[in-house]
Amino acid sequence: MSSACTQDIFRVLRRESVALWAWVLAFLAGWLNGAGFLEFGQTLSHMTGMWRLFV
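Residue numbering for the sequence shown follows the working numbering, beginning at 10 and increasing consecutively.
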């Protein structure tokens, strides 16, 4: 395999792994929210850094 082809493959894998990781985090937050362990306001405040709005 050529070096350019190998770099393209790794670039695609890296891009897709970021998308999959974001999906897993969103699924986990939804599951914790559904289980009553984590409130949506807490999730939103941690994602945005606007924790003072919810105190």
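C-beta atoms are modelled at their ideal positions from N, C-alpha and C, and glycine is treated no differently. Just so you know, these numbers come straight off a predicted model, no measurement behind them.
Asked                                                                                    : Found
Per-residue DSSP class, three states only, for Ser-11                                    : coil
Three-state secondary structure assigned by DSSP to Gly-45                               : coil
Residue burial classification, Leu-62 (beta-carbon count within 10 angstroms, cutoff 16) : A caution first: Leu-62 carries a pLDDT of 49, below 50, which makes its placement in the model too unreliable to give a value.
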